[in-house]
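> Input: one structure, supplied below.
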Amino acid sequence: MDRGKVERVLKDLKAGRVGVRAAMESLRGLPYEDLGFAKLDTHRPLRRGFPEAVYCPGKTDAQIVRIVRRLAVNSNVVIATRATAKTYAKVRASLNGTPVAFHDTAKLILIGSPPKRRQGLVLVVTAGTSDIPVADEAAVTAEAMGARVERLTDVGVAGVHRVLNHRAALEKANVIVVVAGMEGALPSVVGGLVERPVIAVPTSVGYGASFDGLAALLAMLNACAPGVAVVNIDNGFGAGYLAAQINRG
155 MDRGKVERVL
165 KDLKAGRVGV
175 RAAMESLRGL
185 PYEDLGFAKL
195 DTHRPLRRGF
205 PEAVYCPGKT
215 DAQIVRIVRR
225 LAVNSNVVIA
235 TRATAKTYAK
245 VRASLNGTPV
255 AFHDTAKLIL
265 IGSPPKRRQG
275 LVLVVTAGTS
285 DIPVADEAAV
295 TAEAMGARVE
305 RLTDVGVAGV
315 HRVLNHRAAL
325 EKANVIVVVA
335 GMEGALPSVV
345 GGLVERPVIA
355 VPTSVGYGAS
365 FDGLAALLAM
375 LNACAPGVAV
385 VNIDNGFGAG
395 YLAAQINRG
């Protein structure tokens, strides 16, 4: 249950518009709801400011539908990551009247209405065009959490003048997400240019010796520029979540 809904229930109780029993019924899902195959952390929006996300791989469409339907009861926005178009169709059909969007490149389902008035600025930067799917997952996640997001694409170190030409855009952001595969050098370059926190996202883009993103991950962990944090390989969701938290703080 998100904070706004809890506040409305408590205000209605205080004003006498609802009774204690009705208020208790509204809050009874705390701290979690047991669906048998999943225990939904309905208390998470109160603790973290955003509901838990649904990771789709390994779950059936029927399970995903039940989970998002219950999460949507308690939260204004719900996201499901690594989703397919087939799963999106099932979710949309089950949530008649609730806005449901599918971000195909990010493979992310967005249920509900994100804040229309977004705050701050998160800049999502990609080293190459092939990194865009992971970058889009980060961008859509940050937007769903209320951040204003801008994108800067294909400015990798193979032509370092490309990122240098966008230094003004880098400097105006509150936090920068840098997504890179291959050798993963771009976050260190960006971190050395600006006084902003950088969240580095290694991707599995690259040839054999990139080891599906392991080479980029290790390079980012060994970045010589201070102020660079690293998330897991292809973890756009984790980067977008952290960026929105930093941007909000």
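Count the sequence shown with the numbering used here and you get residues 155 to 403, in order.
Ideal placement from N, C-alpha and C gives every residue a C-beta, glycine not left out.
Model, not experiment: these values are computed from the prediction.
Report the rounded CA-to-CA distance for Ala-260 versus Gly-173, giving the unit in angstroms.
Sequence index remark: in the sequence shown, residue 260 carries index 106 (1-based). Sequence index remark: in the sequence shown, residue 173 carries index 19 (1-based). When rounded, the distance between both Cα atoms is 44 Å.
> Straight-line CA distance for Ala-370 to Val-219?
Against the sequence shown, residue 370 aligns to sequence position 216. Against the sequence shown, residue 219 aligns to sequence position 65. Looking at the two C-alpha atoms, the distance is approximately 35 Å.
> In whole angstroms, give me the CA-to-CA distance for Val-333 and Ala-243.
By one-based count along the sequence shown, residue 333 stands at place 179. By one-based count along the sequence shown, residue 243 stands at place 89. The alpha-carbon atoms of Val-333 and Ala-243 are separated by roughly 29 Å.
> Does the Cβ-Cβ distance between Ala-207 and Val-245 come in under 9 Å?
Sequence index remark: in the sequence shown, residue 207 carries index 53 (1-based). Sequence index remark: in the sequence shown, residue 245 carries index 91 (1-based). The answer is no: Cβ separation not under 9 Å.
> Three-state secondary structure (DSSP) at Ile-218?
By one-based count along the sequence shown, residue 218 stands at place 64. Helix, per DSSP.
> So for Glu-291, helix, strand or coil by DSSP?
Residue mapping note: residue 291 aligns to position 137 of the sequence shown, counting from 1. Of the three classes helix, strand and coil, the one that applies to Glu-291 here is helix, per DSSP.
> Checking 9 Å against the spacing of the C-beta atoms, do Val-276 and Arg-302 come in under that value?
Stepping through the sequence shown from its first residue, residue 276 is reached at position 122. Stepping through the sequence shown from its first residue, residue 302 is reached at position 148. Yes, the pair counts as a contact, with Cβ atoms nearer than the cut-off.
> Which full runs of the beta strand (DSSP E) of 3+ residues lie inside the region 248–294, going along the chain?
Qualifying beta strand (DSSP E) stretches, in chain order: 254–257, 262–266 and 273–280.
> With a CB to CB cut of under 7 Å and the five nearest residues on each side skipped, what residues in its chain are close to Val-288?
Numbered from 1 along the sequence shown, position 134 holds the residue referred to as residue 288. Cβ within range, chain order: Val-333, Val-355, Thr-357, Asp-388 and Gly-390.
> Between which two residues does the beta strand (DSSP E) holding Val-172 run?
Mapped onto the sequence shown, residue 172 falls at position 18. Element bounds for Val-172: n/a, residue is neither H nor E.
> For Lys-213, which three-state DSSP category applies?
Working through the sequence shown from its first residue, we reach residue 213 at position 59. Of the three classes helix, strand and coil, the one that applies to Lys-213 here is coil, per DSSP.
> Considering only C-alpha positions, which residue in the set Gly-310, Gly-190, Leu-324 and Ala-312 is nearest to Val-352?
In the sequence shown, residue 352 corresponds to position 198, counting from 1. Looking at the Cα atoms, Leu-324 is the closest of the given residues.
> Among Glu-349, Asp-290, Val-344 and Ser-248, which one has its Cα closest to the Cα of Asp-258?
If you number the sequence shown from 1, residue 258 lands on position 104. When each option's Cα is compared against that of Asp-258, the closest is Asp-290.
> Considering Cα atoms alone, identify which of Val-309, Asn-230, Leu-262 and Leu-249 is closest to Lys-270.
Translated into the one-based positions of the sequence shown, residue 270 becomes position 116. Nearest of Val-309, Asn-230, Leu-262 and Leu-249 to Lys-270, Cα basis: Asn-230.
> From the DSSP output, in three-state form, read off Thr-196 for me.
Start at 1 with the first residue of the sequence shown, and residue 196 comes out as number 42. Note: Thr-196 maps to coil in three-state DSSP.
> So what does DSSP say about Ala-379, is it helix, strand or coil?
Taking the sequence shown and counting its residues from 1, the one referred to as residue 379 is at position 225. Ala-379 falls in the coil class under three-state DSSP.
> Between the C-alpha atoms of Asn-250 and Gly-266, what's the straight-line distance to the nearest angstrom?
What you label residue 250 is simply residue 96 of the sequence shown in a count that begins at 1. What you label residue 266 is simply residue 112 of the sequence shown in a count that begins at 1. When rounded, the distance between both Cα atoms is 11 Å.
> Grab the span of the alpha helix (DSSP H) containing Ile-387 for me, first residue to last.
Against the sequence shown, residue 387 aligns to sequence position 233. From DSSP, Ile-387 is part of no alpha helix (DSSP H); its letter is neither H nor E.
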